[in-house]
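Worksheet: the structure to be examined is printed underneath.
In our numbering, the protein residues as written are 4 to 371.
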């Protein structure tokens with residue numbers, strides 16, 4: 004208690020608000036599950052016998068218990084803000100939470116789980132506007148996009164059943180920024196019973212059409228609609244550069260914060276905020292490893308979700324490659340996410356724009 008009081012006093016002297024977060028678990032089954040799934044894979048226990056590692060970690064817990072002081076009733080009456088999580092959110096105690104940021108932290112903590120439910124991500128099939136190089140819009144699929152739509156049910160079935168080397172724990176952990184993909188062969192051994200699946204799409208036609216043949220419950224989220232490009236809707240990048248050269252260069256200089264001008268125009272920063280309810284719901288669903296989510300979405304939207312799951316920075320996020328006609332299976336683990344990619348041999352246009360070198364001399368806007 005005295006240490007927390009000292010931290011509180013020091014931060015207050017520098018004008019810093021403090022929110023203490025405490026997680027307590029007294030359920031032996033949850034503790035043992037956590038040790039076996041999380042602690043045994045930590046660097047501390049590389050090469051250890053599993054039973055010996057469990058015994059060692061339990062000894063650590065008993066040692067820390069001797070000197071640990073939980074948040075007390077006295078502190079509840081003091082000027083201290085805290086969140087106390089008991090038995091993985093079976094009970095949540097909140098004290099003196101103030102302001103927007105602290106309230107959002109509490110909301111996130113109340114939805115967090117320690118399960119490992121799979122999350123599947125796929126862009127919609129190639130659209131008619133993709134073929135024309137135009138952004139935005141609400142077009143239907145191209146003929147190749149329709150082929151992907153027809154192939155998707157089997158591709159998802161393969162993704163659900165696939166475990167490399169015949170063991171679920173052998174999935175290759177994806178290294179951020181690596182050029183190679185952890186691709187899965189179509190003839191991989193199906194050693195796992197497929198989990199139940201719910202499909203989330205946007206409200207736009209190309210995602211709903213892509214999901215139309217999937218035999219699973221479907222939910223259309225407006226929050227999953229593609230980043231709104233405002234006055235640039237339906238234009239090619241060449242047309243945008245010609246008509247709005249200053250805005251085009253500004254976006255290349257700061258793609259995360261640039262907001263498309265015109266009614267409803269958004270930035271990636273706006274999109275991240277819009278996706279907060281989706282992220283909260285994804286976290287809430289993680290508690291049951293047998294209930295997976297498939298999101299059929301758009302390039303910018305999936306960049307944000309993928310970036311959140313694999314911890315990309317704001318600067319990196321707008322440049323994450325999310326190709327068409329591919330499914331990514333992401334499994335949350337203790338120290339990151341395991342990702343496996345599944346492809347079909349159906350060509351599609353490349354919609355990726357690489358990062359440009361910063362242009363410090365922005366041109367004057369032309370045209371209307």
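Cβ atoms here follow ideal geometry from the backbone N, Cα and C, with glycine treated the same way.
For residue 213, the uninterrupted alpha helix (DSSP H) run begins and ends at 208–213, by DSSP. As summarised for the stretch 231–316, the continuous beta strand (DSSP E) elements at least 3 residues long and confined to that stretch are 294–300, given in chain order. For residue 221, the uninterrupted beta strand (DSSP E) run begins and ends at 221–223, by DSSP.
Within the same chain, 130, 131, 208, 209 and 212 come within 8 Å of residue 143 by CB-CB distance, once the 5 residues on both sides are set aside. Bridge partners of residue 336 according to DSSP: 339. For residue 200, same chain residues with a beta-carbon under 6 Å away, outside a window of 5 residues either side, are 219, 295 and 297 in chain order. Taking the C-beta atoms as reference points, residue 150 is found nearer than 7 Å to residue 349. Judged by their CB atoms, residue 114 and residue 287 are nearer to each other than the 7 Å cut-off. DSSP places residue 78 within a helical segment (H, G or I) once states are collapsed to three. The beta carbon of residue 202 sits closer than 6 Å to those of 214, 217, 219, 221 and 297, all from its chain and outside the five residues before and after it, given in chain order. Taking the Cβ atoms as the reference, residue 226 lies roughly 15 Å from residue 306, outside the contact range of under 8 Å.
Just so you know, the alpha carbons of residue 314 and residue 82 end up roughly 34 Å apart.
A check of alpha carbon separations from residue 124 across 285, 279, 52 and 241 identifies 285 as the nearest.
The residue among 235, 14, 92 and 258 with its C-alpha nearest the C-alpha of residue 323 is 258.
Taking a C-beta distance under 7 Å as the contact criterion, residue 311 and residue 282 qualify as a contact pair. The beta carbons of residue 337 and residue 41 sit about 4 Å from each other, so the pair counts as a contact at 8 Å.
Following the DSSP letters along the chain, one finds residue 86 in no alpha helix (DSSP H) but inside the beta strand (DSSP E) bounded by residues 84–89. DSSP, read as helix, strand or coil, puts residue 344 in strand.
C-alpha of residue 72 to C-alpha of residue 272: approximately 40 Å in a straight line. Your pair residue 140 and residue 236 checks out as a contact, with CB atoms roughly 6 Å apart and the cut at 8 Å. The Cβ-Cβ distance between residue 343 and residue 121 does not fall below 7 Å.
Annotation: residue 198 is outside any alpha helix (DSSP H) and is labelled neither H nor E by DSSP. In this structure, the beta-carbon distance from residue 269 to residue 230 falls below 7 Å. Cβ contact annotation for residue 251 (same chain, cutoff 7 Å, sequence separation greater than five): 243 and 244, in chain order. Here residue 115 carries a coil assignment [DSSP, helix/strand/coil]. Under DSSP, residue 123 forms a beta bridge with 297 and 332. Beta-bridge partners assigned by DSSP to residue 137: 239. Looking at the backbone, the Cα of residue 53 and that of residue 25 are separated by about 28 Å. Exclusion of the five residues before and after residue 238 leaves 137 and 138 as the residues of its chain whose Cβ lies within less than 7 Å of its Cβ. Each of 128, 88 and 127 was checked against the Cα of residue 111, and the nearest Cα belongs to 88.
Annotated three-state conformation of residue 22 is strand, per DSSP. Under the three-state reduction of DSSP, residue 41 is assigned to coil, being neither helix nor strand. Sequence-distant partners of residue 158 (beyond 5 residues in either direction) whose C-beta falls short of 7 Å from its own C-beta, in its chain, are 330, 345 and 347.
Closest in alpha carbon position to residue 84, among 10, 126 and 275, is 10.
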